[in-house]
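To keep things clear, I will list the structure first and then write my remarks on it.
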Amino acid sequence: MKRRLLPLLLVLLLLTAFGCPNSENADKKPAGPPPGTRLRILIVDDPFLAQSIGYLQSEWEAQSGVSLEITEAESGGFDVQKAPEADVVIAPTWMLAQAVEAGWVVPLPEGVVANNESDWSNVFSQIRTWEVTRSGKPMAVPFGSPVAVLYCRSDLLEKAGLKVPATWDEYSKAVAALEGTPAAEPLAEGWAGLTLLARSASYATHADNLSTLFRISTMEPLIAGPPFVRALEELVATSDAASLDMDPAAVRAAFWQGNAAMAITWPTAADEQVAEIEAEFPAGVTELPGSHDVYDLGDTAWEKRDKDSDGRVPLLASTGRIGMVTTGSQWPDVSLQLLLWLTDEKWSAQVCSRSMNTTLFRNSHVATVSGWVEPPMPEDAARQYGDAIATALERQEHLLALAIPGRPQYLAALDEAVRAAVKKEKTPQEALDGAAARWKEITKELGVEKQKKAYRGSLGLK
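Under the numbering used here, residue 457 is the last one in the sequence shown; the count climbs by one each step, no gaps.
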């Protein structure tokens, strides 16, 4: 009797779950948005990205039957703690932490990853695994996130008998050996702290330590510790006053104008400032230097990395753009499809290469890297950039650039410390001690437990 009942029960369960084939519901399809539906897109702090999406508006509307309403806001006028009146928000990558904490971001469905929707696996692993996730859950769609690289004048390096520096120690020696203006780094307000973090990544990221910027158990700041002090000492020794007025665009211009033998920045096809420059010298691009030395926080001692490691560690989320579906969207599935459509292999280069805040973010973009870089860059250098980014963003290690609420305040304190050290107003240790004290105050103001939860979430922990 039981053997006869089992098939019958299975049939009943299937009919209950999916309905009878002859029922009225048999031919019904999931209800989509009705004619005249409009999606509201809010784009924060990126007029070029807004413009490029606007160019594709009619294409999307023709394909989907859903109209778009595109509005813009500056980051200073956008309250990330308040649920926006929009279906989709495209914003700086660093805003993800606060948006998730505020509770207005809809997580990506599991099917995006499981079914490899829009060729999700083609996105560089560091971006899809870390930049757009919280506690291991994908929360946003990436539009690209620049990683600082090293521009080099190969002719000047060869003349001085130098190789392209592979470590920060070699970089320091190269700067000392080169004449004129040997290096340019972005040390203007808003960038000095990020430059220090990029230089510190290889020193502070140890395979056995989850704690890098803070202790995950207490949120005690670690920014005044040995890895960061060493990096700041080296930065002070290799920088000059001119860099204090430079952002990445100014550094890029200084290099192509022939005023620097090396430069820490990243390429972009959207930089009109250098579009007309015709460089008359050979140039190359490589990942930022690394280090064979790494600090073990647990043992409070420096160690040597494995011999098969080049010691390079990328800094993630220093800038970049992401797309988020809001809980206020009446049509979250359609909103997600819009984001996946804008960033798929067909349209992503057209959309994202127009912004100075994005760069290639898919493995397939490497083949068309020349469309993502400024005109003065030679084809060989462009290919080097594509290879450098693909390598950096497929590495196992990384350092996240303060992917927690309060990032602007933390970075402002770090900016102040770096700039004070470069100006010789304070020693690197004194400057970072001051930054650590301010970080502790900021954490207390925002709530230690809240910040601890957010920091753990950025590390993939619950």
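All residues carry an ideal CB built from backbone N, CA and C; glycine is no exception.
Exercise for the section: For Met257, write down the residues that DSSP places opposite it in a beta bridge. Expected result: Answer is Cys147 and Ala178, bridged to Met257.
Handout entry: Check whether Val118 and Pro137 have beta carbons under 9 angstroms apart
Key = yes
Practice task
Tell me, to the nearest whole angstrom, how far the beta carbon of Trp125 is from that of Leu311; I am working on the premise that it is less than 8 angstroms.
Solution key: 6 angstroms
Problem - Sequence-distant residues of the same chain with beta carbon closer than 7 angstroms to Ile458, five excluded per side - result: Any question about residue 458 goes unanswered here, given that the chain covers just -4 to 457.
Practice task
Grab the span of the alpha helix (DSSP H) containing Arg210 for me, first residue to last.
Solution key: Unbroken run through Arg210: none, as it is neither H nor E.
Exercise for the section: With a 10 Å radius around its C-beta and 16 neighbouring C-beta atoms as the bar for buried, classify Ala375 as buried or exposed. Expected result: Looking at the sequence shown, residue 375 is not Ala but Asp. Exposed: under 16 other Cβ atoms inside 10 Å.
Handout entry: Runs of alpha helix (DSSP H) wholly within the stretch 68 to 156 (minimum 4 residues, chain order)
Key = 91 to 97, 105 to 109 and 149 to 154
Handout entry: Contact under 9 angstroms by Cβ, Glu67 with Pro104
Key = no
Exercise for the section: Could you give the DSSP three-state label for Ala344: helix, strand or coil? Expected result: helix
Problem - Collapsed DSSP secondary structure at Pro16 in the structure displayed - result: Caution applies to Pro16, whose pLDDT of 42 falls short of 50 and renders its modelled position unreliable; the value that the coordinates give is listed next. Here DSSP, grouped into helix, strand and coil, assigns Pro16 to coil.
Exercise for the section: Note down the Cα distance separating Lys77 from Val61, rounded to an integer number of angstroms. Expected result: So the alpha carbons of these two residues sit roughly 26 angstroms apart.
Handout entry: Distance, Gly315 Cα to Ser359 Cα
Key = 19 angstroms
Exercise for the section: Go through the stretch 366 to 422 residue by residue and report every complete run of the alpha helix (DSSP H) that reaches 4 residues or more, in order. Expected result: 374 to 387 and 402 to 417
Problem - Simplified DSSP state of Gly49, which is helix, strand or coil - result: helix
Practice task
Within the same chain, show all residues whose beta-carbon is closer than 7 angstroms to that of Ile399, passing over the 5 residues directly before and after it, in chain order.
Solution key: Ala92, Gln446, Ala449, Tyr450 and Ser453
Problem - Three-way DSSP call (helix, strand, coil) for Pro277 in this model - result: In the structure shown, Pro277 sits in coil (DSSP, three-state: anything other than H, G, I, E or B).
Exercise for the section: Going by CA-CA distance only, name the one from His393, Gly279, Phe223 and Thr190 that's closest to Met241. Expected result: Comparing Cα positions, the closest option is Thr190.
Handout entry: Coarse secondary structure for Leu292, derived from DSSP in three states
Key = coil
Handout entry: Ala256 classed as buried or exposed, judged by whether at least 16 other C-beta atoms fall within 10 angstroms
Key = buried
Exercise for the section: Counting only the same chain and skipping the five closest in sequence on each side, list residues whose C-beta sits under 6 angstroms from that of Asn17. Expected result: Annotation note: pLDDT 45 at Asn17 (below 50); position unreliable, no value reported.
Handout entry: Own chain partners of Asp22 with C-beta closer than 7 angstroms, once the 5 adjacent residues on each side are dropped
Key = Its pLDDT being 43, under 50, Asp22 is placed unreliably in this model, and the value from its coordinates should be taken loosely. The answer is none, since no qualifying residue turns up.
Practice task
Pull up the distance between the alpha-carbon of Ser330 and that of Thr128, whole angstroms please.
Solution key: 18 angstroms
Handout entry: Inter-stretch contact at 8 angstroms, needing at least 3 Cβ pairs: the stretch 263 to 276 / the stretch 174 to 186
Key = no
Exercise for the section: Have a look at Ala196, Met214 and Ala383 and flag the residue whose alpha-carbon is nearest the alpha-carbon of Ala226. Expected result: Among Ala196, Met214 and Ala383, the Cα nearest to that of Ala226 is on Ala196.
Problem - Three-state secondary structure (DSSP) of Thr338 - result: coil
Handout entry: Residues bridged to Trp297 (per DSSP)
Key = Tyr290
Handout entry: Nearest to Arg35 (by Cα), restricted to the options Asp150, Ala412, Gly318 and Asp410
Key = Arg35 has its Cα closest to that of Gly318, out of Asp150, Ala412, Gly318 and Asp410.
Exercise for the section: For Asn352, count neighbouring Cβ atoms within 10 angstroms of its own Cβ and tell me buried if that reaches 16, exposed if not. Expected result: By the C-beta density criterion, Asn352 is buried, having at least 16 other C-beta atoms within 10 angstroms.
Problem - Residues that Arg357 bridges to, as DSSP identifies them - result: Arg357 pairs with Val118.
Handout entry: CA-to-CA distance, Ala377 to Val361, given in whole angstroms
Key = 9 angstroms
Exercise for the section: Please name the residue, chosen from Glu56, Ile211 and Arg349, that lies closest to Thr32 on a Cα-to-Cα basis. Expected result: Restricting attention to Glu56, Ile211 and Arg349, the CA atom closest to the CA of Thr32 is found in Glu56.
Handout entry: Close beta carbons around Trp434, own chain, < 7 angstroms, minus the five adjacent residues each side
Key = Pro216, Ile218, Tyr405 and Ala408
Practice task
Give me the Cα-Cα distance between Gln424 and Gly188, rounded to the nearest whole angstrom.
Solution key: 15 angstroms
Practice task
Give a yes or no on whether the minimum CB-CB distance between Ala412 and chain C is below 9 angstroms.
Solution key: Although the question refers to chain C, the structure presented lacks it and comprises just one protein chain.
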